[in-house]
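Numbering (the numbering used here), first residue to last: -5 to 257.
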C-alpha cells in the first residue's frame, strides 16, 4: 500500500484522492446506467445535474461527521487539520447524510420523486463505498485494532495506523467492509429484477450497510468508544437501521393501502 502514486515536482499525487475520485465516477456511471435500464432515461440529465451537488455536499458532510462526531478529541487539539482532507478522514456515513440532505432539497424544489431517484442511485452508491474503502487502505486510515497474533495487516511506516499501534498486525476492517459492500451491491441488483414499492431498494441498502458496519466496527482501532463500548459509527449505524426499518414499514403499508384503494 502506498499513500502516494508519484510526485510532480514537490506536488504529491495521493492514492486517497485519486481512488476517492474513481469511486465517485463509478457511482455516477452506474446510476446513469440504472436510470436507463429502469426505463427512465429522462432522469439521466437530472442525475448529471445532481452529481456535482452531491459530491460537494457529500465531502462537507463526510468531513463534518468525522471531525465533530467521530474524532473531535484529535481535531480539537489540532484544529489546523480540520480542513486537511487530503490526509484522510472522510466519514462514509457523514458523506451519505450530507448527500441525502442536499439531494432531498434538490428533488423537493424540482418536484421529483425522492424515493424513485434513491432506488436508482442505491447500487451505485454502495459500490462506490466499496471502492472508497481501498482509499482508506492505501492511506492507512480507518484501520482495525491489533489482532493479537501474526494474522493481520502490517501498515507501513508513516501511516496513521503504524503511528498508532506500531509493529502490530491489525484487523483488516476496512478491507472486509469493502468486500461486504460488493455483496450488498449484488443483492440490490438481484432485488431490482422485480417490482418493489418505491424506496424499498434504498432503504434495504441503508439497513444492510449499517448492520454490517455495526459489526465490523467492533474490529476498528481508530475510534473512541462510548456507552456499551460502542464507537460513534456504531451508534449512528443503529440509528440509521432503526429509522430505515420504520420507513420500510411505512412504505410497505402505504403500498398495500394504495392496492386496496385501486381494488
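Don't be surprised by glycine CBs; every beta carbon is placed ideally from N, CA and C.
In this text the structure is predicted, and so the values were computed from the model without any measurement.
Beta-carbon proximity of residue i to residue j, cut-off 7 Å
i, j, result
"residue 22", "residue 45", "yes"
"residue 278", "residue 176", "Residue 278 lies beyond the stretch modelled for the chain, which goes from -5 to 257, so this question has no answer here."
"residue 140", "residue 162", "yes"
"residue 167", "residue 138", "yes"
"residue 109", "residue 8", "no"
"residue 155", "residue 201", "no"
"residue 47", "residue 17", "no"
"residue 226", "residue 64", "yes"
"residue 241", "residue 197", "yes"
"residue 172", "residue 153", "no"
"residue 120", "residue 199", "yes"
"residue 178", "residue 149", "no"
is_contact[residue i, chain D] using C-beta, thresh 7 Å
i, result
"residue 191", "Included in the structure is just one protein chain, with no chain D present."
Those residues which DSSP pairs with residue i across a bridge
i, result
"residue 147", "164"
"residue 138", "214"
"residue 225", "219"
"residue -2", "8"
Integer-rounded CB distance, given that residue j should sit under 8 Å from residue i
i, j, result
"residue 24", "residue 89", "Their Cβ separation, rounded to whole angstroms, is 17 Å, which puts residue 24 and residue 89 out of contact at 8 Å."
"residue 195", "residue 116", "5 Å"
"residue 56", "residue 74", "The Cβ separation is near 19 Å, so there is no contact."
"residue 51", "residue 92", "4 Å"
"residue 32", "residue 151", "Not quite, the Cβ-Cβ distance comes to about 48 Å (not below 8 Å), so this is no contact."
"residue 215", "residue 164", "6 Å"
"residue 230", "residue 87", "5 Å"
"residue 132", "residue 246", "Residue 132 to residue 246, Cβ: 41 Å. No contact."
Heavy atom of the ligand FAD within 6 Å of residue i beta-carbon
i, result
"residue 206", "Ligands displayed in this structure: none; no statement on the ligand FAD is therefore possible."
- Is it true that the stretch 210 to 221 meets the stretch 115 to 134, where meeting means three or more beta-carbon pairs spaced less than 8 Å apart? In short, these stretches do not touch, since the Cβ pair count stays below three.
- Message: What ranges does the beta strand (DSSP E) occupy inside the stretch 0 to 82, keeping only unbroken runs of at least 3 residues that lie completely in it?
- Response: DSSP runs (the beta strand (DSSP E)) wholly in the stretch 0 to 82: 5 to 8.
- Message: Would you call the stretch 34 to 45 in contact with the stretch 98 to 116, where contact means no fewer than 3 C-beta pairs closer than 8 Å?
- Response: By the C-beta criterion, the stretch 34 to 45 is judged to be in contact with the stretch 98 to 116, since at least 3 inter-stretch pairs fall below 8 Å.
- Do the stretch 30 to 40 and the stretch 63 to 73 meet, that is, are 3 or more Cβ pairs less than 8 Å apart? Output reads no: the stretch 63 to 73 does not touch the stretch 30 to 40.
- 4-residue-minimum alpha helix (DSSP H) runs that sit fully inside the stretch 176 to 217, ordered along the chain: Qualifying alpha helix (DSSP H) stretches, in chain order: 194 to 210.
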